[in-house]
Structure formats: structure tokens, C-alpha cells
Amino acid sequence: MASMTAELQVPPLLSGGQVIACPVCGQGDNLTLVIVPGDFSEDPSDLFCDDMHRWSEPRVPRRIGAGVYEIREREAPETIDWSGAS
Ligand SMILES: [Zn+2]
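Sequential numbering of the sequence shown, starting at 8, is according to the numbering used here.
Printed below as a string of C-alpha cells:
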């Protein structure tokens, strides 16, 4: 059974002082983070850019997305895109 996911556009993500960017085209702003609500594990999150290059990013553990999701759900639920929910 697939777990439900949400997609959220995020501001530039920093890791060790470096912006996390698409490994294909280098886009580092307005990346879309795939969130698995309630998954607070250290597993890598999936990210994709405007050109739909999708990759698994170990510097962004899923717990970050799950935490962001809880805040957004409370304060700005309209910013969560459920169209890609599976
Ligand atoms: Zn890209």
C-alpha cells in the first residue's frame, strides 16, 4: 500500500552553507519537496525542479518535510499541492 504524499514548493534549502540544487540543471530555488506526512525518518526526501528532474536528496531527511508539513497544514493549507498524491 502506497503512503500518501504531498508536494510543496520550498525556499532555497541549505546544507553546510551550500544551497541544495538540482543535480541536472542546477536550479536551487523553488524546488518542490515531496513530503510523506508523518514520516519523521532519516530517509532521503525526493525533490524535483521546474523541469521535473527528480532525485533523492540525503541532505534533506524526510523528518524535515514532515515537520514543514505540520506547520503548513496549520498555517497555510492552500500551499500544499495534493495533485501528485499517490
Ligand atoms: Zn533540474
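We put the CB at the ideal spot given by N, CA and C, even for glycine.
Next on the checklist: Just verifying my parser: in three-state terms, what is the DSSP assignment at A73?
Outcome noted: helix
Next on the checklist: Is V31 near ligand 1 - that is, is its Cβ less than 7 Å away from at least one heavy atom of it?
Outcome noted: yes
Checklist entry - Just reading off the beta strand (DSSP E) that W62 is part of, what are its end residues? => result R61 to P68
Next on the checklist: Assuming F47 is part of the beta strand (DSSP E), what are its boundary residues?
Outcome noted: First-last for F47: undefined, no H or E at that position.
Item to check | DSSP three-state assignment for T39, whether helix, strand or coil | outcome: strand
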